[in-house]
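Comments concern the structure below.
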Amino acid sequence: RPGPATWRRLGWDWGCASACWPPAACSLWRLRGAQQAVCAPSRVSFLTGRRPDTTRLYDFYSYWRVHAGNYSTMPQYFKENGYMTMSVGKVFHPGVSSNYHDDYPYSWSIPPFHPSTEKYENDKTCRGKDGRLYANLVCPVNVTEMPGGTLPDIQTTEEAIRLLKVMKTQKQKFFLAVGYHKPHIPLRYPQEFLKLYPLENITLAPDPWVPKKLPSVAYNPWMDIRQRDDVQALNVSFPYGPLPDDFQRQIRQSYYAAVSYLDMQVGRLLNALDDVGLSSSTMVVFTADHGWSLGEHGEWAKYSNFDVATRVPLMFYVPGMTSAAASQQGRIFPYLDPFSHNLGLVPQGQSKKVVELVSLFSTLAELAGLQVPPACPKTSFHVALCTEGASIVHYFNSSEEKVETEDGCED
Amino acid sequence: NNRCHTEEPVAFSQYPRPSDTPQWNSDRPELKDIRIMGYSMRTIDYRYTVWVQFNPNNFSADFEDVHAGELYVVEIDPNQDYNIYNNTLHGHLFKKLL
Numbered sequence: 001r002p003g004p005a006t007w008r009r010l011g012w013d014w015g016c017a018s019a020c021w022p023p024a025a026c027s028l029w030r031l032r033g034a035q036q037a038v039c040a041p042s043r044v045s046f047l048t049g050r051r052p053d054t055t056r057l058y059d060f061y062s063y064w065r066v067h068a069g070n071y072s073t074m075p076q077y078f079k080e081n082g083y084m085t086m087s088v089g090k091v092f093h094p095g096v097s098s099n100y101h102d103d104y105p106y107s108w109s110i111p112p113f114h115p116s117t118e119k120y121e122n123d124k125t126c127r128g129k130d131g132r133l134y135a136n137l138v139c140p141v142n143v144t145e146m147p148g149g150t151l152p153d154i155q156t157t158e159e160a161i162r163l164l165k166v167m168k169t170q171k172q173k174f175f176l177a178v179g180y181h182k183p184h185i186p187l188r189y190p191q192e193f194l195k196l197y198p199l200e201n202i203t204l205a206p207d208p209w210v211p212k213k214l215p216s217v218a219y220n221p222w223m224d225i226r227q228r229d230d231v232q233a234l235n236v237s238f239p240y241g242p243l244p245d246d247f248q249r250q251i252r253q254s255y256y257a258a259v260s261y262l263d264m265q266v267g268r269l270l271n272a273l274d275d276v277g278l279s280s281s282t283m284v285v286f287t288a289d290h291g292w293s294l295g296e297h298g299e300w301a302k303y304s305n306f307d308v309a310t311r312v313p314l315m316f317y318v319p320g321m322t323s324a325a326a327s328q329q330g331r332i333f334p335y336l337d338p339f340s341h342n343l344g345l346v347p348q349g350q351s352k353k354v355v356e357l358v359s360l361f362s363t364l365a366e367l368a369g370l371q372v373p374p375a376c377p378k379t380s381f382h383v384a385l386c387t388e389g390a391s392i393v394h395y396f397n398s399s400e401e402k403v404e405t406e407d408g409c410e411d
Numbered sequence: 412n413n414r415c416h417t418e419e420p421v422a423f424s425q426y427p428r429p430s431d432t433p434q435w436n437s438d439r440p441e442l443k444d445i446r447i448m449g450y451s452m453r454t455i456d457y458r459y460t461v462w463v464q465f466n467p468n469n470f471s472a473d474f475e476d477v478h479a480g481e482l483y484v485v486e487i488d489p490n491q492d493y494n495i496y497n498n499t500l501h502g503h504l505f506k507k508l509l
């Protein structure tokens, strides 16, 4: 595996050697389960606990409360149960699908925070070999040269840490949702993360060809990749390409680097949870809205039903349940710098059950001791509070050992 | 093992398409352009997908109008490169999944 890193991808084969996230070792984690492999529909789905056929959001251009039904969201439910709910970064997909305000004030106690440098994300900020600036897909940057001298995810971490410090003084229950952009395209990240993944160690996908018997309707032509300046310059054939091998390696290298950059942000944030003394009384969930194809099946990006596009990490840290609670002086989340620590592989989590993101709402409600929202009836467009995903808390204490039952089956 | 895995958990996902063949808006079709919906069910052992006719005006999927299908056996094809849907159309496994 290249480098000492982290989750290789927020989806499929992320062999975890977490630099900054020990909870990988002391949490339950589960794989699979985005309801639709694209941002807005997936986020609205797991934040409402309903599938896209019920939110009726398959694209980016409607707001479920007026387009499908005025459904309560997970943060709204926590808010109505006495929690201070806060959104930092990309939680709801911005724009029409969250009514231009990230579903505020329904879901959040205070206006959602967005990094001031978010607006530069698609600008020409990537330095080309000719010294000019481009809107590239592969975009390692010198952060000090970026507009504002920072990057959106760094600002998101700083704001989330600030809010943790505030909550420490408030002594109020809180629900803090922190949404990172990376490894979304453009793969714009601090250039030093490239060191973790030498290009000579980067391989192509194990199956970088379009499968012979893949129905054409199943194939996604990765249009968002094609529109970046560096990919346009390659003059790749539509719809099947392929991209040149050396550029495929560069994308994979930058994707891994962007994930390690994200990993560092999460590490800083969790370290701050320790610093303010809240890690022994705070549940932490880590997940993503979808996966991403890295050349498998001759495809890139999301936009498909392949496992690489739908599979997501889903980790739970629940004090006293997934690990012993920290002592007063103990640290649950010590920060480890990936550039100075030689990090080995962290054991994979305890469970590989098949679960869905739509279960997150009821699972978190149960873990928090709230009444679990009822299961939705077959038609639920007029039901404000229900969920189409069952709580998976019953898995938390279940053994992964296979036991043979009386009829000879493995239980 | 048809006898044993009768109640295993299943994860569902779906993806819309405007057409049977890739075109400029295949990745992100707007609602009005959606004509086909691919519904997937993933078990520990299989990924089974049917791409069916979809009406964006009434949000209905017609499972009688199947445009294409995919079936992958995870144990022997973990990367999902060998679609055996057409080989199994009339077999017991297909009926069980359906």
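Protein chains in written order, with my numbering: chain D, 1 to 411; chain B, 412 to 509.
Cβ coordinates follow ideal geometry from the N, Cα and C atoms, glycine included.
Please state the DSSP three-state secondary structure of residue i.
| i | result |
| --- | --- |
| S362/D | helix |
| S42/D | helix |
| M74/D | helix |
| N220/D | coil |
| A272/D | helix |
| D476/B | strand |
| T55/D | helix |
| I332/D | coil |
| S424/B | strand |
| V300/D | The sequence shown places Trp at residue 300/D, rather than the Val named in the question. Correct three-state label for W300/D: strand. |
| F316/D | strand |
| Y450/B | strand |
| R458/B | strand |
| Q227/D | coil |
| N498/B | coil |
| S109/D | coil |
| V96/D | helix |
| G241/D | coil |
| L278/D | coil |
| Q464/B | strand |
| L442/B | helix |
| T322/D | coil |
For residue i, collect the residues of the same chain with a Cβ closer than 7 Å to its Cβ; drop the 5 residues on either side in sequence, then sort them by chain order.
| i | result |
| --- | --- |
| P211/D | H297 |
| L214/D | H297 |
| E388/D | G49, R50, R51, T54, V358, C376 |
| T454/B | E419, V421 |
| D224/D | I185, A301 |
| L262/D | D153, Y180, K182, P183 |
If I measure Cβ to Cβ from residue i and keep anything under 8 Å in the same chain, skipping five residues before and after, which residues do I get?
| i | result |
| --- | --- |
| V393/D | T363, E366, L367 |
| Q170/D | M84 |
| R226/D | Q232, V236, F238 |
| Y63/D | V96, S97, S98, N99 |
| L199/D | R249, Q250, Q253 |
| R428/B | S437, P440, I445, R446, I447, M448, G449, W462 |
Take the Cβ of residue i as the centre, count every other Cβ of all protein chains shown within 10 Å, and call the residue buried at 16 or more, exposed below.
| i | result |
| --- | --- |
| G49/D | buried |
| R136/D | What sits at residue 136/D in the sequence shown is Asn, not Arg. By the neighbour-count rule (16 or more Cβ atoms within 10 Å), N136/D is buried. |
| K443/B | exposed |
| T73/D | buried |
| R132/D | exposed |
| S254/D | buried |
| E481/B | buried |
| N220/D | buried |
| N305/D | buried |
| P206/D | exposed |
| L269/D | buried |
| K182/D | buried |
| Q371/D | exposed |
| H503/B | exposed |
| T156/D | buried |
Spatial neighbours of residue i within its chain, please: C-beta separation below 6 Å, excluding the five flanking residues on both sides.
| i | result |
| --- | --- |
| A40/D | F60, H93, S97 |
| P75/D | T85, S107, F175 |
| Y120/D | P147 |
| W209/D | G298 |
| F505/B | T499 |
| M452/B | V421, F423, Y459 |
| Y104/D | P111, P112 |
| K168/D | V276 |
Write down every uninterrupted run of the beta strand (DSSP E) in the region 184 to 209 of chain D whose length is 3 residues or greater and which is fully enclosed by it, in chain order.
-> Listed in chain order, the complete beta strand (DSSP E) runs (minimum 3 residues) inside the region 184 to 209 of chain D are 187 to 190.
Length at least 4, wholly inside the region 129 to 191 of chain D: the alpha helix (DSSP H) runs in chain order = Whole alpha helix (DSSP H) segments, 4+ residues: 152 to 170.
For the region 158 to 176 of chain D, enumerate the residues whose C-beta is nearer than 9 Å to any C-beta of chain B, in chain order.
-> The region 158 to 176 of chain D vs chain B, Cβ under 9 Å: nothing.
Below 8 Å between beta carbons is the criterion; list the residues of the region 51 to 71 of chain D that meet it against any residue of chain B, in chain order.
-> The residues in question are R51, P52, D53, R56, Y58, D59, F60, Y61, S62.
Of the residues that make up the region 291 to 308 of chain D, which ones have a beta carbon closer than 9 Å to any beta carbon in chain B?
-> Residues passing the 9 Å Cβ filter: E296, H297, A301, K302, Y303, S304, N305, F306, D307, V308.
Contact set between the region 217 to 250 of chain D and chain B, restricted to residues whose Cβ is under 9 Å from the partner = Cβ contacts with chain B: V217, A218, Y219, N220, P221, W222, M223, D224, F238, P239, Y240.
Mind pulling the beta strand (DSSP E) runs of 3 or more residues that sit fully within the region 370 to 400 of chain D?
-> Fully enclosed beta strand (DSSP E) runs of 3 or longer: not present.
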